[in-house]
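A quick write-up on the structure given underneath.
There are 2 protein chains.
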Amino acid sequence: MVYLDYNATTPLEPEVLDAIHHALAEAWGNPSSSYEEGQKAKTIIAQARSHLAKMIGANPSDIVFTSGGTEGNNMILQTGLRYYENWRKSLTEAGDGDNMNHLPHFITSNMEHDSIKHVLEHFQETGQAEVTFIPASTKTGRVSVESVVEAIKPNTCMITIMSANNETGVIQPLDKISANVRLMKRGPRESKILMHTDAAQTLGKIPVDVFDLDVDYLTIVGHKFYGPRIGAVYVRDLGSGTLPLYPIFFGGGQERNFRSGTENTGMIAGLGKAAEIVCHNCRSHEIAMRNVRAYLEEKLKVTFGDSVVFNGKLEGSERIPNTCNVSFLGEGLEGYKILAKCQVLQASIGAACHAQNRPSPILLAIGVPVHIARNALRLSVGRYTTMSDIDRVVADLKQAVEHLQSP
Amino acid sequence: MVYLDYNATTPLEPEVLDAIHHALAEAWGNPSSSYEEGQKAKTIIAQARSHLAKMIGANPSDIVFTSGGTEGNNMILQTGLRYYENWRKSLTEAGDGDNMNHLPHFITSNMEHDSIKHVLEHFQETGQAEVTFIPASTKTGRVSVESVVEAIKPNTCMITIMSANNETGVIQPLDKISANVRLMKRGPRESKILMHTDAAQTLGKIPVDVFDLDVDYLTIVGHKFYGPRIGAVYVRDLGSGTLPLYPIFFGGGQERNFRSGTENTGMIAGLGKAAEIVCHNCRSHEIAMRNVRAYLEEKLKVTFGDSVVFNGKLEGSERIPNTCNVSFLGEGLEGYKILAKCQVLQASIGAACHAQNRPSPILLAIGVPVHIARNALRLSVGRYTTMSDIDRVVADLKQAVEHLQSP
Chain L
1 MVYLDYNATT
11 PLEPEVLDAI
21 HHALAEAWGN
31 PSSSYEEGQK
41 AKTIIAQARS
51 HLAKMIGANP
61 SDIVFTSGGT
71 EGNNMILQTG
81 LRYYENWRKS
91 LTEAGDGDNM
101 NHLPHFITSN
111 MEHDSIKHVL
121 EHFQETGQAE
131 VTFIPASTKT
141 GRVSVESVVE
151 AIKPNTCMIT
161 IMSANNETGV
171 IQPLDKISAN
181 VRLMKRGPRE
191 SKILMHTDAA
201 QTLGKIPVDV
211 FDLDVDYLTI
221 VGHKFYGPRI
231 GAVYVRDLGS
241 GTLPLYPIFF
251 GGGQERNFRS
261 GTENTGMIAG
271 LGKAAEIVCH
281 NCRSHEIAMR
291 NVRAYLEEKL
301 KVTFGDSVVF
311 NGKLEGSERI
321 PNTCNVSFLG
331 EGLEGYKILA
341 KCQVLQASIG
351 AACHAQNRPS
361 PILLAIGVPV
371 HIARNALRLS
381 VGRYTTMSDI
391 DRVVADLKQA
401 VEHLQSP
Chain E
1 MVYLDYNATT
11 PLEPEVLDAI
21 HHALAEAWGN
31 PSSSYEEGQK
41 AKTIIAQARS
51 HLAKMIGANP
61 SDIVFTSGGT
71 EGNNMILQTG
81 LRYYENWRKS
91 LTEAGDGDNM
101 NHLPHFITSN
111 MEHDSIKHVL
121 EHFQETGQAE
131 VTFIPASTKT
141 GRVSVESVVE
151 AIKPNTCMIT
161 IMSANNETGV
171 IQPLDKISAN
181 VRLMKRGPRE
191 SKILMHTDAA
201 QTLGKIPVDV
211 FDLDVDYLTI
221 VGHKFYGPRI
231 GAVYVRDLGS
241 GTLPLYPIFF
251 GGGQERNFRS
261 GTENTGMIAG
271 LGKAAEIVCH
281 NCRSHEIAMR
291 NVRAYLEEKL
301 KVTFGDSVVF
311 NGKLEGSERI
321 PNTCNVSFLG
331 EGLEGYKILA
341 KCQVLQASIG
351 AACHAQNRPS
361 PILLAIGVPV
371 HIARNALRLS
381 VGRYTTMSDI
391 DRVVADLKQA
401 VEHLQSP
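Following this line, the structure appears as structure tokens:
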């Protein structure tokens, strides 16, 4: 079998597995305990935090471990909500209540992961916030800087845009959006705008630096870069308290009270090791994946000619190096049907949490016509995918498509 | 070194380590993916769920995995809050709004873990709920059934009492409280009362059965029974929707929408294995720990005579079999000072998340005088602690105390 669904999840690097095993076996003490068993765990957690910080160009004190990307995204969006509430409260207390009837306003794209989309929808449905979902351009697969800037209102408190889309791989212009937002003059009754990105699909694939992206918050998801199923959030200058982070959980006060719950030392050790590997190898992994993806697309083109189209491969837009979203044109060639006929290829038609027999909402959102969207496959290669894996996959796809087309 | 802090955390059983390693290495696929890599993970998760259910006499569909006990407790208490809000809303919609000015009312004890205590305090501080903290009886170390029943009000929505205290080991009369609460007649404008217990300290030490305890909700914490640092919640008949569980996280809809976030297959496999071991061996572990604890207390008594008192060892109260809370009487024998002089013993003076140089708030809460409380150590033995470990610990304590008492 050839696995080409690395955007859904990745296997663990052997060194990550070892780090987890070692920490679980040797550093099982409670990190809050003062004796050696506990202190060993504490040291491992501190090392992991450093590696995570280094991976994104941050300070270790800016990192808070979470149970995963979903928790991280929920935590940051709830922070946006509370931040605005408290800011409003401070205005009221200062006797300056002009703006009081506005709900906090969030700006996001129409192609975010469910752990952004559904949180913001929940805020809307429960009357807690106003949300603008910016449609991605059908020409570029990106949200344009202008459309974000135009959507900003006096009550805008947070902008959250994914670093790269998980289905098309299109990299979003975070740095430009941030730069433009920072330049905007905000009135005395307008809250600061917090910038967040979910970096699930870029970490380990392209360089990610929080200062280049110029974001205040960033979500880290271990299992997308050969790490374990936990994550972390980055908050700019969290140590100095410039920006808020409101805890979701109350309890023992771990993670400086930002995230209560006995630390999952084993998983944290693995996450740190995965980040360390990214620090050392991101560039070479990026090149390897880009080459293999290029080979895949070339081979698909040679084999299927004009019967394949690549979704998200758009003039002027950059994609993360591992993602190829391809549609096979023709009746009866729905993505899920092709996958069902494949004997070698393991892939998906889109995000793993979505139904696998309907056209991807993401592709429809970026303007791919229904008859093409429903025939799409998301092929995402990994660090170690080889050209010969690709040969086998393309041959497999060829037999699957022929099978479906034969009368 | 001899570790006697098993109530803080436990090492992982070798079989648990193996289960985690195997799942991480072999079942790393996304459980939502339909190909083999994903389905392997899905199967492992289903098996783990069955073992957890069996451990507490529940149905697999009553179990929802969480990142740990803190998340579980937060989720259940928030469910209590939302449950009451929705019930009030339904009353209002039915035109029957008599009770509308009441906040939801929670009843708990004054010796809960921080992940209960601080959540409820937060509800109080933010005006979201009313909370009654029932003091434990100084005679029994337990909250009395009568005091709980007397505290019930028309707006009481949830009672949450720990199964056993983590510092004294005293088992709380959950079954009797539940039975009495169930017998109470509630008026048409009074919400049902949801019963919850945090079973962190009883699982793996004494038999825990949700029907015997007669609770609606129960929190499971893996790292207290030789499992990994994740957990689960039990909700009675969750499959049939009789009782609510409100998600904290929104996202990909995993765990039947109760807990979004890609499943942590490795940790879940480990939790399942730890539960399976409890199912097979709980009785023998219980006997082993009870014998070793008896030997420890006898040996302390023989060695220190009337200079030691056992906190929580109270007429008519039962303790979990592994916990010995002991105070060394005399000036300069504060628990933290004794621990600092120990060369063999690894233990604590109370919950790991608390400061280790002040008298335990739990002991003070059950009426232990300050001069005794500040001299207390919590010694909690494990499944495999031996009599010879105990000999070494008592000799170590002897030298530590003598050292502190020498002029």
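So the sequences go chain by chain: L and E. full-length UniProt numbering applies: residue 1 is where the first sequence begins, and numbers increase by one. full-length UniProt numbering applies: residue 1 is where the second sequence begins, and numbers increase by one. Here a beta-carbon is modelled for each residue, glycine too, at the ideal position from N, C-alpha and C. All figures in this text were calculated on a predicted structure; none of them were measured in a lab.
Where residue i meets chain L, residues with beta-carbon distance less than 7 Å
i	result
T9(E)	W28, G29, N30 and T262
V119(E)	F250
Chain L contact residues for residue i, given Cβ-Cβ distances below 9 Å
i	result
Q346(E)	G29, S33, Y35, E36, E37 and G38
H21(E)	L17, I20, H21 and L24
Helix, strand or coil at residue i [DSSP, three-state]
i	result
residue 430(L)	Because residue 430(L) is not part of the residues shown, which for chain L are 1 to 407, the question remains open.
A232(L)	strand
D5(L)	strand
I177(L)	helix
Q405(E)	helix
C324(E)	strand
Q346(E)	strand
H105(E)	strand
E85(E)	helix
T265(L)	helix
R142(E)	coil
T66(E)	strand
R319(L)	strand
V170(E)	strand
H113(E)	coil
N165(E)	coil
T43(L)	helix
I76(E)	helix
C-beta neighbour in chain L for residue i, strict 8 Å
i	result
L12(E)	yes
D114(E)	yes
M162(E)	no
P228(E)	yes
M111(E)	no
G266(E)	yes
N74(E)	yes
Where residue i meets chain E, residues with beta-carbon distance less than 9 Å
i	result
Y3(L)	G29, Y35 and E37
M387(L)	Near M387(L) there are no residues of chain E at all, since even the closest Cβ is about 22 Å away, more than 9 Å.
residue 420(L)	The structure shown does not extend to residue 420(L), since chain L is modelled only from 1 through 407, so no value can be given for it.
8 Å Cβ cutoff, residue i in contact with chain E
i	result
P104(L)	no
V326(L)	no
P244(L)	no
H122(L)	yes
residue 429(L)	Residue 429(L) lies beyond the range of chain L shown here (1 to 407); nothing can be said about it.
G169(L)	no
M158(L)	no
Chain E residues whose Cβ lies nearer than 8 Å to that of residue i
i	result
residue 412(L)	As displayed, chain L neither begins before 1 nor continues past 407, which places residue 412(L) out of reach and without an answer.
Chain E contact residues for residue i, given Cβ-Cβ distances below 7 Å
i	result
G312(L)	Within 7 Å Cβ-Cβ: nothing; G312(L) doesn't reach chain E, min ~21 Å.
H223(L)	T262
M195(L)	Result: empty, since nearest Cβ-Cβ is about 21 Å, beyond 7 Å.
Bridge partner(s) assigned by DSSP for residue i
i	result
N311(E)	N325(E)
Y384(L)	Per DSSP, none; premise fails for Y384(L).
H196(E)	T160(E) and Y217(E)
E130(L)	H105(L)
A376(E)	S327(E)
**Study point:** At least three beta-carbon pairs within less than 8 Å, the stretch 260-280 of chain L to the stretch 83-93 of chain L
**Key:** Verdict: no, contact absent.
**Study point:** Contact between the stretch 282-295 of chain E and the stretch 320-332 of chain E (3+ Cβ pairs under 8 Å)
**Key:** In this structure the stretch 282-295 of chain E touches the stretch 320-332 of chain E; the number of beta carbon pairs closer than 8 Å is three or more.
Check your understanding: On the three-pair Cβ rule with 8 Å, is the stretch 243-255 of chain E touching the stretch 108-115 of chain L?
Key -> The stretch 243-255 of chain E vs the stretch 108-115 of chain L: in contact.
Review point. Between the stretch 132-143 of chain E and the stretch 360-370 of chain E, do three or more beta carbon pairs fall short of 8 Å?
Key: Here the stretch 132-143 of chain E makes contact with the stretch 360-370 of chain E; the two share three or more CB pairs at distances below 8 Å.
Review point. On the three-pair Cβ rule with 8 Å, is the stretch 270-279 of chain E touching the stretch 45-63 of chain E?
Key: Using a C-beta cut-off of 8 Å, the stretch 270-279 of chain E makes contact with the stretch 45-63 of chain E, since at least three inter-stretch Cβ pairs fall below that distance.
Check your understanding: Three or more beta-carbon pairs under 8 Å between the stretch 388-397 of chain E and the stretch 14-31 of chain E, yes or no?
Key -> No: fewer than three Cβ pairs fall under 8 Å.
Review point. Would you call the stretch 56-72 of chain E and the stretch 378-392 of chain L in contact, with 3 or more CB pairs under 8 Å?
Key: Taking 8 Å as the limit for Cβ pairs, the verdict is that the stretch 378-392 of chain L does not touch the stretch 56-72 of chain E.
Exercise for review: Assess, as a yes-or-no matter, whether the stretch 206-215 of chain E is touched by the stretch 224-232 of chain E under the definition of 3 or more beta carbon pairs within less than 8 Å.
Suggested key: Result no; under three Cβ-Cβ pairs closer than 8 Å.
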